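For the protein sequence lines, the chains are A and B, in the order given.
The opening position of the first sequence corresponds to residue 273 in our numbering, with each subsequent residue numbered one higher.
The opening position of the second sequence corresponds to residue 273 in our numbering, with each subsequent residue numbered one higher.
Just so you know, even glycine gets a beta-carbon here, dropped at the ideal spot from N, CA and C.
The model shown is predicted, which means the values in this text are computed figures rather than measured ones.
2 protein chains.
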Amino acid sequence: MDYCCTPLFEGVLDDRSAAEMAPVLAALADPVRLRIISMLAASETGRACGCDLEGPLGLAQPTVSHHMKVLREAGLVEGIKQGRWVHYRVIPERLAEIRDALAPTRALAQSFNG
Amino acid sequence: MDYCCTPLFEGVLDDRSAAEMAPVLAALADPVRLRIISMLAASETGRACGCDLEGPLGLAQPTVSHHMKVLREAGLVEGIKQGRWVHYRVIPERLAEIRDALAPTRALAQSFNG
DNA sequence: TTAATAGATCGACGGACTTCGATATATAGA
DNA sequence: TCTATATATCGAAGTCCGTCGATCTATTAA
Numbered sequence: 273m274d275y276c277c278t279p280l281f282e283g284v285l286d287d288r289s290a291a292e293m294a295p296v297l298a299a300l301a302d303p304v305r306l307r308i309i310s311m312l313a314a315s316e317t318g319r320a321c322g323c324d325l326e327g328p329l330g331l332a333q334p335t336v337s338h339h340m341k342v343l344r345e346a347g348l349v350e351g352i353k354q355g356r357w358v359h360y361r362v363i364p365e366r367l368a369e370i371r372d373a374l375a376p377t378r379a380l381a382q383s384f385n386g
Numbered sequence: 273m274d275y276c277c278t279p280l281f282e283g284v285l286d287d288r289s290a291a292e293m294a295p296v297l298a299a300l301a302d303p304v305r306l307r308i309i310s311m312l313a314a315s316e317t318g319r320a321c322g323c324d325l326e327g328p329l330g331l332a333q334p335t336v337s338h339h340m341k342v343l344r345e346a347g348l349v350e351g352i353k354q355g356r357w358v359h360y361r362v363i364p365e366r367l368a369e370i371r372d373a374l375a376p377t378r379a380l381a382q383s384f385n386g
């Protein structure tokens with residue numbers, strides 16, 4: 273018969289790293305926020321202000337503001353206040369960080385540093 | 273004074289692609305599931321059965337089973353039934369798919385095919 | 001100063017998620 | 001067949017999340 277393997281799990285993502293990584297992925301795990309990031313990245317200048325997003329997204333202003341806050345707190349987006357407006361831009365290094373952490377060869381790299 | 277830019281947002285991630293992509297990221301956006309994937313990838317054989325995970329994770333059996341279902345339904349993990357046990361393994365192609373979709377140069381690639 | 005506008009915050013509602021005990025199903029061994 | 005074990009399913013409790021109307025703050029223009 274078969275026996276159940278008992279792997280040792282060395283070099284596994286520890287609790288703390290997992291707890292740091294999950295919220296960043298959670299910030300990305302929303303259709304609206306994915307579209308926002310895509311819109312910022314697709315914009316010619318790499319930036320856009322909230323007022324330009326509400327229309328295309330079809331969402332109320334407080335909702336967009338909420339999503340921007342989530343993205344900001346995850347370090348995925350930066351807001352530059354310019355007069356009455358806030359221009360948002362994606363922080364590509366942060367996106368790359370997550371991509372690298374998902375590299376399967378590294379078993380969800382221990383190298384993630386929230 | 274400054275004017276607010278009005279970007280055209282061409283080539284932006286459409287609603288459907290975003291709706292397909294988000295649940296896969298949501299499946300990854302949990303500390304326990306990140307650790308599970310890491311454990312599977314770190315295992316010598318690249319596999320492990322549920323019974324080997326409960327202990328290290330410190331979670332009850334139904335909880336682990338629930339997380340495996342989420343990962344399975346997201347296409348991130350595959351379960352191979354062997355006798356009484358189910359051996360799980362990561363599907364690295366799926367992980368790569370998500371990594372590619374997060375490539376900033378592609379503005380959250382339209383190429384994601386959930 | 002007053003009016004208008006961009007953005008943030010608050011509170012509430014509905015829905016989804018994580019967790020676990022209890023239970024059901026399937027397989028292996030005696 | 002009967003017992004033991006691995007896994008799945010169900011139901012419940014508590015928590016978290018997305019959304020929006022109402023409201024507040026900050027800045028600009030008149």
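Counterpart residues of residue 354 of chain A in DSSP-defined beta bridges: Answer is A/357.
Residues bridged to residue 320 of chain A (per DSSP): DSSP lists A/360 as partners of residue 320 of chain A.
Residues from the region 296–316 of chain A in contact with chain B, defined by Cβ distance under 7 angstroms: Correct list: 297, 298, 300, 301, 302, 303, 306, 307, 309, 310, 311, 313, 314, 315 and 316.
Host alpha helix (DSSP H) of residue 310 of chain B (start-end): It spans 303–314 - the alpha helix (DSSP H) in which residue 310 of chain B sits, taken as one unbroken run.
Opposing strand residues paired with residue 349 of chain A [DSSP bridges]: Answer is A/362, bridged to residue 349 of chain A.
Short-range partners of chain A found in the region 333–350 of chain B, where Cβ spacing is below 9 angstroms: Cβ contacts with chain A come from no residue of the region 333–350 of chain B.
Within-9 angstroms CB hit, residue 331 of chain A to chain B: With 9 angstroms as the cut-off, residue 331 of chain A does not count as an interface residue toward chain B.
Residue 284 of chain A (DSSP reduced to helix, strand or coil): In this structure, residue 284 of chain A counts as coil in the three-state DSSP scheme.
Span separating the alpha-carbon of residue 344 of chain B from that of residue 318 of chain A: For residue 344 of chain B and residue 318 of chain A, the distance between alpha carbons rounds to 36 angstroms.
Whether residue 387 of chain A touches residue 300 of chain A by CB criterion (9 angstroms): Here chain A covers residues 273 to 386 and nothing more, so residue 387 of chain A does not appear.
7 angstroms CB neighbourhood of residue 295 of chain B in its chain, flanking five on each side removed: These residues qualify, in order along the chain: 346.
Cutoff 9 angstroms: residue 326 of chain B Cβ touching any chain A Cβ: When Cβ-Cβ separations below 9 angstroms define contact, residue 326 of chain B makes no contact with chain A.
Neighbour list for residue 284 of chain A in chain B, Cβ cutoff strictly below 7 angstroms: Contact annotation for residue 284 of chain A against chain B: 307, 310, 311 and 314 [CB-CB distance below 7 angstroms, chain order].
Any 3 or more C-beta pairs closer than 8 angstroms across the region 323–335 of chain A and the region 302–310 of chain A: Counting C-beta pairs closer than 8 angstroms gives three or more between the region 323–335 of chain A and the region 302–310 of chain A, which meets the contact rule.
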